[in-house]
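Protein chains in written order, with our numbering: chain A, 20 to 292; chain X, 396 to 683; chain P, 85 to 507.
Every residue gets a Cβ at the ideal spot worked out from N, C-alpha and C, and that includes glycine.
Just so you know, these numbers come straight off a predicted model, no measurement behind them.
Remarks on the structure that follows.
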Amino acid sequence: MFLAALAVFPLVQLLRLSLSDVQVQNLHRDWPFIGLENFINGFTSGVLTDGLLNTLVFVVIVTIIGLIGGIAAAVALRGTGQVTGALLGLMVFIWALPPVVNGSVWKFLLADDGLFNSMLSLFGLSSFPFLYDERYALISVAVVNAWAVIPFNALVFRAAVLNVPDEQFEAAQLDGATPRQEFWYVILPALRPTTLVLGVLTIVYAFRSFDFVYVMTKGGPGASTQTLPYLSYQQAFVGYDFSAGAASAVVAVVVVLALAAVYARSVLKEESE
Amino acid sequence: MSSSTVTVATPRTAHGRRRTRKSPAAIAIRIILAIVYVIPLLWIVLTSFKDKDDVIGSSTAIFFQPTLDAYRAAFTPELLAALGQSLVIATTSTAIVLAVAIPAAYGLARVRGVLPTIGLSLLIVLQMVPQTATVIPFFQVFGGLRLLDTNLAVILADAALMTPFAIILLRPFFRAVPPALEEAASVDGARSFRIFWSIVLPVVRNGVATTATLVFLIVWGEFLYAVNFFLTPGNYPLSALLAQQVSSYGINWPGLMALGVITSLPILVLFSFTYRLLKEGLTVGAVK
Amino acid sequence: MHIASRPQIKRSRIAAIVAIGTAVGLALAGCAPAGGGGSASDAATITVWHYYSLDNQNAMLDQYKADFEAANDGVTVENVYVPQDQLNSKLIAAAGTGTGPDVVVFDGYSATTLIAGGVLAPVTEKWSAFDGASEIAEGAVTTVDGDVYAAQGYVNTLGLYYNKTILDALGLQPPTTVDELEEDMATALAGGYQGITLAGQPDVQGAFQAYPWLTAEGFSYDDPQADALAAGFERVRGWVDSGFLSAQVPTWDQNVPFSEFMNGTTAFAENGNWQLSALASDAKFDYGVVPLPVGNGGRIYLGGEAEGVGAFSKNPDLAWKYLEDTFYSQAGQLEALKQVGSLPTRTDASADESISADPYLSQFAEAIATQGAPFPDTVIPSENNEAVITANGQAWSAALGGQTSPQQAADDFMTTLEPLLKD
């Protein structure tokens, strides 16, 4: 019960904050209720609108690459050999490294004199502005974030693949199925329920992820990689406008609430089957 | 619910004779994965053996005078203490998370109707509260309970953070347990707790082991609570020591990378122990 | 397969109760309260929260600790490191529960935020009774509503570092005007070198380094003009276009560009005096520093850490004595100068010949005397400090990154700035 209270308490406080006017002066005193003013300000100034759009792009990239990459890795690594074990170990090692390490590494690798641009220059191409051009910075950070979740998704998907009964593969092979057909008609259907749970977890992760933005671009150039979680952090803990920060977080919560409803519906459906 | 779900309870991977055909696509994916994950790791490890001056600049990217300075500087008495703290915090939090999440997930899997649906949605929404936004409310609670500067504060905060996640992950495993199994036991007169303990739990042990591993890994890397709720750095776990490497006055890159490697190594050891369990048990949703 | 739900609820409830019981048991078994009594619970302990991460900064703190403990029998000083991006929020959170350290060493520009958050104790009486108070530069003292809360023991600021080896090879002299700087950079570029490195991140670090170039074109917060702002953005963006400055500048904080400079292939770097010790030990080339060539109107912010007494210190008098004897004392400030290269705020310390005789420190001292400006600007209502600085950093980053035109960046910033300047 205490734990439940502990888990719910911050959510309640967050909602209250988002509807009040709270700066550093009155954080520990009264919180005057101001209704939706924080949200209205955020949307009329465009900060929240931009943040929301950036977040949606970010979430779509992380989710799609994260899930497809996870499935691809799981299928490619469904053996039990030593190479497979080594590759999985490598991925888990990377997954366990903190974002400040992973993000910094990619910041270096994607810099002008970093590995990727050095390779491009070998082919006579000029440097690609991965992180400092507004068109590519958000995509670069999102792809790195997807890279960081693939190991987790791959592990879970792989276990689901391993759970497909051997007989099904044998039957498919007896029928002369190609590896591609095997993938489409045996593996993929078996992964459907796993995809649902992982999809939800990945989307939620992408919606709240701010570490990589913080480490790699600080929201820049300008505000072009400012996603809602980063915006919220920055408003609350750099600008000390706690209620504006809470409002930005609540916008993300509301979007996820809609997704949660979809998930809940599919859970209900699954139960009535 | 169809009877096919029973197969989940008896994973069938250990035969080792599984027929996997390696298509060209699979080989290509393996090569891509190897490249995409080896290069950053290589960079991390190389940097951890560099001198501070050699980190930036392409001339010293690959060829440099390796040094153990970063590791030598990292191996201090504090490191051992921090390792101990990490172990205590991660183990205890994981135990608490499991103790709460297992019955909760079981309940949510068994009870039908609108209530569990709302419960599940709430769990998802709870995941959305930014961790930074939880620091100040938690600080007030722990301050009121005089728990600041104790392991318990960090452990409880980590547990509160991870429990919703664990419930979502665990629930499908319990749904895979055929209720008929429990009915049979209750006809035999077994008491409800005994049924849960000796019949249901063993069936879902893979799921539990998997969830436990994931929770452990995440708590191991969590530093925000540790940095905020410990008033003295003597109690910091590894993850918080790592956060110490970054500041606007300069980042000690070799030190950061070396500590990263040191922090992640125990995880690799844990992974190799649970490799078998993970490969059999991580079937979150192979369950309807 | 429908099963009556009631017994199951009951079952899981029992399980839950057992589980929670176990959890509490485990928790208690696993966590004896940790030792090292944090916040001033011990009468003879002074807890100092700080975010110093460099070896030389910590050497300075250790020296302060050793000196103070030696001079005061039975007193223990405990230096507590908190990561920089966590320090303020941790202090504010702690203040909400009536706790906190005895001494706070914090980013000077956060002073008003921390005071509003109830983190610092007013020390007006102690200050007026302090002999050395008159020695400390007025601009280094934080006063709110007539009460003194904190003072800076030293200031940090920016200068223009140059690679003397490169300049000599090209037959160049360090620039004294921005036009000379641009000519020098053009020569350097033609000679196969890079022009300059500086910070362009959309945060306080970017804003800190933007200010000299903006004020050089006549921008001021007293009477902000979009044209002056645009001219400042335009000039530095022009350096990116001309190839003097790497296009990566929007991703640069204050550290990475200095590491680039340390590689020895860049002619100039805009950076702070805190980098001197790294240069002295690691530079593989000859170097020098001059004030930034930003003309008569150009200003540099005076940064650095401020120190104050925690609002919830159980031993404020001892905490104050610690500050008097260390950060605020002549000997203490000279110690910071020696260890870190920080510039003292006491006139009797900055008159020390170790500054005037030092070819680098003397340049920074001159810059402070002729160009120094309070950070953040005093005309900004203090509760909007961070919002203004962040918006400034974002506009700077957007202009340098080419995300918006310099004019557009200036207009955007003005739109944000105007309501923030009104109280």
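If you look at ASP230 (chain A), you'll find it in the alpha helix (DSSP H) that goes 230-235.
Going by C-alpha positions, ASN380 (chain P) is about 12 Å away from PHE303 (chain P). Put simply, the CB of GLY180 (chain P) is near chain X, with a gap under 8 Å to one of its CB atoms. When beta bridges are read from the DSSP output, HIS134 (chain P) appears opposite P:TYR165. For the region 369-393 of chain P, the set of residues with a beta-carbon nearer than 7 Å to any beta-carbon of chain A is empty.
The criterion of a C-beta distance shorter than 8 Å is not satisfied by ILE439 (chain P) and PRO460 (chain P).
Within the region 455-480 of chain P, those residues whose Cβ lies closer than 7 Å to any Cβ of chain A are, in chain order, GLU467, GLU470, ALA471, THR474, GLN478. Secondary structure in the region 527-577 of chain X: the alpha helix (DSSP H) runs of 4 residues or longer, each lying completely within the stretch, are 546-570 in chain order. Within the region 408-489 of chain P, the runs of alpha helix (DSSP H) at least 4 residues long that lie entirely inside it are, in chain order, 414-424, 431-434, 437-440, 445-455, 469-484. In this structure the region 39-57 of chain A does not touch the region 201-219 of chain A; the number of beta carbon pairs closer than 8 Å is below three. Distance from ALA268 (chain A) to LEU428 (chain X) at the Cβ level is roughly 34 Å; contact not present, criterion being Cβ atoms closer than 8 Å.
Per the coordinates, the alpha-carbon of ALA155 (chain P) lies some 33 Å from the alpha-carbon of ALA477 (chain X). The contact set of THR226 (chain P) on chain A, defined by CB atoms closer than 9 Å, is empty, because the minimum CB distance reaches about 15 Å. Around LEU542 (chain X), no beta-carbon contact reaches into chain A at under 7 Å, the shortest distance being about 11 Å. Where PHE190 (chain P) is concerned, the enclosing beta strand (DSSP E) starts and stops at 187-191.
In the three-state DSSP reduction, GLN278 (chain P) falls in the strand class (E or B). Taking 8 Å as the threshold, the shortest C-beta distance from ALA638 (chain X) to chain P falls below it.
As computed with DSSP, PHE352 (chain P) is found in a beta bridge with P:TYR246, P:ILE280. Under the DSSP assignment, GLY372 (chain P) falls in the beta strand (DSSP E) whose first and last residues are 371-374. In this structure, SER361 (chain P) lies near ASN140 (chain P), with their beta-carbon atoms less than 8 Å apart.
With respect to LEU543 (chain X), THR462 (chain P) sits apart: the two C-beta atoms are not nearer than 8 Å. Between GLY616 (chain X) and the set X:ARG505, X:ILE484, X:ILE646, X:THR442, the nearest pair of CA atoms involves X:ILE484. Sequence-distant partners of ALA496 (chain X) (beyond 5 residues in either direction) whose C-beta falls short of 6 Å from its own C-beta, in its chain, are THR558, ALA561, ILE562, LEU565. At a cut-off of 8 Å, the C-beta of VAL440 (chain X) has no neighbouring C-beta in chain A. The beta carbon of GLU470 (chain P) sits closer than 7 Å to those of THR197, all from its chain and outside the five residues before and after it, given in chain order. Shown here for THR527 (chain X): not one same chain residue has a beta carbon closer than 6 Å to its own, the five before and five after excluded.
Interface criterion met: the Cβ of VAL272 (chain A) is under 8 Å from a Cβ in chain X. Residue-level contact check: SER137 (chain P) touches chain X, since one or more beta carbons of chain X fall below 8 Å from its beta carbon. Among the residues of chain X, those whose CB is under 8 Å from the CB of TRP125 (chain A) are PRO435, following chain order.
When only Cα atoms are considered, PRO525 (chain X) and GLY180 (chain P) end up about 20 Å apart. With a contact defined as Cβ atoms closer than 8 Å, GLU467 (chain P) and ALA235 (chain P) miss out at about 21 Å.
In the three-state DSSP reduction, PHE52 (chain A) falls in the strand class (E or B). PRO117 (chain A) places its beta carbon 8 Å or farther from that of PRO532 (chain X). Residues of chain A whose Cβ lies closer than 7 Å to the Cβ of SER326 (chain P) do not exist; the shortest such Cβ separation is about 16 Å. Counting only Cβ-Cβ distances below 7 Å, THR129 (chain P) has no contacts in chain X at all, with the closest Cβ about 11 Å away. Residue-level contact check: PRO286 (chain P) touches chain A, since one or more beta carbons of chain A fall below 8 Å from its beta carbon.
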